[in-house]
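Counting in the numbering used here, the sequence shown runs from -14 upward without gaps.
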Amino acid sequence: ELLGDQKLGRLRSKEDGQVVVREGTQVSERLLERVDFTTIEPEDTWCEKPAVNDKVQELLRYATGQVQLVEEQAERKAERLTRGDELPPGIIQLVKVYVAKKRKLSVGDKMAGRHGNKGVVSTIVPEEDMPYLEDGTPVDICLNPLGVPSRMNLGQIFETHLGRAVAALGLHVATPVFDGATEAEVKALLVEAGLPKDGKSVLFDGRTGHKIEKKVTVGYIYMLKLTHLVSDKIHARSIGPYSLVTQQPLGGKAQFGGQRFGEMEVWALEAYGAAYTLQEMLTVKSDDVAGRSKIYEAIVKGENPPEPGIPESFNVLVKELQSLCLDVILEDSLAVESF
């Protein structure tokens, strides 16, 4: 209404300065539908009449401010909807501060390649003790070959071979997951690089200097450090909290718990014939409530440990059977007649 039949001045976009409306363009309904006037530079001259021009600029500034306000409110509402469930009740906004800390690789830290070939660092030795190639180049990491056959992740072998070939050729390669380099292509690159076709090399023991009997696969791979660091996981317990139901020590570092002694660990002690160690693990070190106190007393007094009692897990089993309407009556072993 303000501009009416006025001819517009040259109007530019405030984002990139491009001319949106040419000078002398007549105002029409079609023009108003086509152009988003909130994106136009507000200080541009709209028409020749100064009073009308000032009024248009003022309206445009007000409209732009209102649009910005609505957009900010919508963003805040969207953020509340997406992040609302994460915050505890009573907390409106949360500020997280991340502090970076450098942690050197140590024995017990977990590492992984790109093929599910994860593992724990078993030992770290000086560079001069590592196996080395014929030209004296030491290897950085040694992996156990037994990690390949059962898992059948041959990708790590291909990666090793391909890495060696392209490093020698001075190339960079990218192999997609399901359409990667074929065996023939890897072999061709090895031959082109002047390396053995099987990707194996002669290695020498860094400690003795003797040649290793069999040839060894040597190459370049990605090996990444995971967040499971041994310094965060190390934990020890003497006495601590017990579960109310089973009377066994709680689990996990957070609860100051004990180490789980599972089925397979029990089988290992059975196989060794370590009867008393096994008995101790399943009674006084676990859920024999009376035995725990008695053995502590015996240690303090310097006496021999007493006979362990019935573990609480047996009572839990009895209660579970009773919940199924199956009663269990305990009898003295001496009173039971032998048949």
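Backbone N, C-alpha and C fix where the C-beta goes; we use that ideal spot for every residue, glycine too. The model shown is predicted, which means the values in this text are computed figures rather than measured ones.
Cβ shell of residue i (< 8 Å), same chain only, five flanking positions each side left out
i	result
V5	L(-4), R(-3), S(-2), V20, T24, I25
P234	R222, G225, P226, Y227, S228, G242, G243, S271
V251	L263, M266, L267
V158	L147, V151, A166
Residue from the options with nearest C-alpha to residue i
i	options	result
Q94	D273, L263, I219	Contrary to the premise, residue 94 reads as Asp rather than Gln in this sequence. Nearest C-alpha to D94: I219.
V162	H100, K286, E292	H100
L214	L90, K182, V251	L90
A166	V82, D114, H146, Q240	H146
A153	G121, L311, R136, A178	A178
L263	G247, P73, P181, V274	G247
R192	V313, E113, L44	E113
S107	L118, D120, V92, G121	V92
P181	V80, K200, A85, D164	K200
K238	V251, S216, Q232	S216
Q78	R88, R65, C127	R65
V80	R88, A253, E71	E71
N289	G276, F299, N300	G276
I126	L309, E119, V110, G75	V110
N129	D312, Q141, K87	Q141
Coarse secondary structure for residue i, derived from DSSP in three states
i	result
V201	strand
F299	helix
I76	coil
S223	coil
K270	coil
R46	helix
R(-3)	strand
K182	coil
V133	coil
K314	The question names Lys, but residue 314 in the sequence shown is Ile. Coil at I314, not helix or strand.
K238	coil
L306	helix
G243	strand
F143	helix
Same chain only: Cβ atoms within 6 Å of residue i, ignoring 5 sequence neighbours per side
i	result
V203	S186
L211	K95, A97
Whole-angstrom C-beta distance between residue j and residue i, which should lie under 8 Å
i	j	result
A283	P296	Actually they do not touch by this definition, with Cβ atoms about 18 Å apart.
G148	Y227	G148 to Y227, Cβ: 52 Å. No contact.
M208	M96	6 Å
F143	V124	At roughly 18 Å, the Cβ-Cβ gap does not stay under 8 Å, so F143 and V124 are not in contact.
V274	P293	In fact, because the Cβ distance is near 11 Å, the residues do not count as touching under 8 Å.
G104	G132	7 Å
T231	S278	About 17 Å separates the two Cβ atoms, so there is no contact after all.
Neighbour flag for residue i against chain C, beta carbons, 9 Å
i	result
L45	Absent from the structure: chain C. Only one protein chain is present.
Same chain, Cβ closer than 7 Å to residue i, five either side skipped, listed in chain order
i	result
I197	P116, L188, F189, D190
#### Entry: Complete runs of the beta strand (DSSP E) confined to the segment 81 to 116 [at least 3 residues]
95 to 97, 103 to 105
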